[in-house]
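Below is one structure, written out as structure tokens, with a few remarks after it.
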Amino acid sequence: MRVISGSLKGRNIIGYDIEGTRPTMDRVKESVFGSIQRYINGSVVLDLFAGSGNLGIESISNGSKYCYFVDNNKRCIKCINDNIDNFNIKDKCRVMLSDYNQALGYFRDNNIKFDIIFIDPPYKYVVINEVVNSIINYDLLNDNGILVLEYQNDILDISYDKYKVIKNKKYGDKFISIVKKTID
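Take the sequence shown: its position 132, counting from 1, is numbered 117 in the working numbering, and each next residue is one higher.
See the structure below:
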């Protein structure tokens, strides 16, 4: 697993072998980042269910201002911190050992909003709609911000005003959907 573009391009990301995680494959990541490139520069990012930190690190490499990494697995948190240290990007990150519900509540309570939120839960959890509903209800996405969803067994249900699916693509047995918060 490696950083595919930006200032850290070509550098290896450790953590592809952590039990219970399933890193986004390079070809899928390349397609996703090609689709969201115009949203990245100067953005504040949330990498929820971060695993190795692969998606958040790619965002920082491409110009994100700051990234919050959230995972509830201690081994993942150690891996994320090791990657951050190896890439010397500690000043652009915050790593949180937390359940996603607690983390989203923390962001709501502290008025922290995001331009990009990556939501890539383990496939055994069918929670994509629950997570999206919490993000929308807590108003955690800035206007014109995007949700990048990776899922397998869920059926995505976006039925909110101001939220529009702008991309939906299947890669093998997984789906990638990009949802934008629009302003009227």
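Ideal Cβ placement from N, Cα and C applies to all residues, glycine included.
- Counting along the chain, residue 33 sits inside the beta strand (DSSP E) bounded by residues 29 to 33.
- The beta carbon of residue -7 sits closer than 6 Å to those of 46 and 72, all from its chain and outside the five residues before and after it, given in chain order.
- Contact between the region 60 to 69 and the region 95 to 103 is not established, with fewer than three Cβ pairs separated by less than 8 Å.
- Assigned with DSSP and collapsed to three states, residue 123 falls in coil, not helix or strand.
- Shown here for residue -9: same chain residues with a beta carbon closer than 6 Å to its own, the five before and five after excluded, namely 46 and 47 in chain order.
- Listed in chain order, the alpha helix (DSSP H) elements of length 4 or more contained wholly in the region 61 to 120 are 85 to 94.
- With 16 or more other Cβ atoms from the protein chains shown falling within 10 Å of its own Cβ, residue 14 counts as buried.
- The residues 32, 40 and 133, in chain order, have a CB closer than 6 Å to that of residue 103 in the same chain once the five nearest residues on each side in sequence are set aside.
- Residue state for residue 42 is assigned as helix, using DSSP reduced to three classes.
- With fewer than 16 other Cβ atoms from the protein chains shown falling within 10 Å of its own Cβ, residue 154 counts as exposed.
- Bridge partners of residue 162 according to DSSP: 134 and 153.
- Rounded to the nearest angstrom, the gap between the Cα atoms of residue 80 and residue 52 is 8 Å.
- Separation of the CB atoms of residue 123 and residue 93 is rounded to 4 Å, and the pair is thereby assigned contact status at 8 Å.
- C-alpha of residue 89 to C-alpha of residue 83: approximately 10 Å in a straight line.
- Following the DSSP letters along the chain, one finds residue 11 inside the alpha helix (DSSP H) bounded by residues 11 to 25.
- Taking 8 Å as the cut-off, the Cβ atoms of residue 64 and residue 44 do not count as close.
- Between residue 24 and residue 74 a beta carbon distance of about 19 Å is seen, past the 8 Å cut, so the two are scored as non-contacting.
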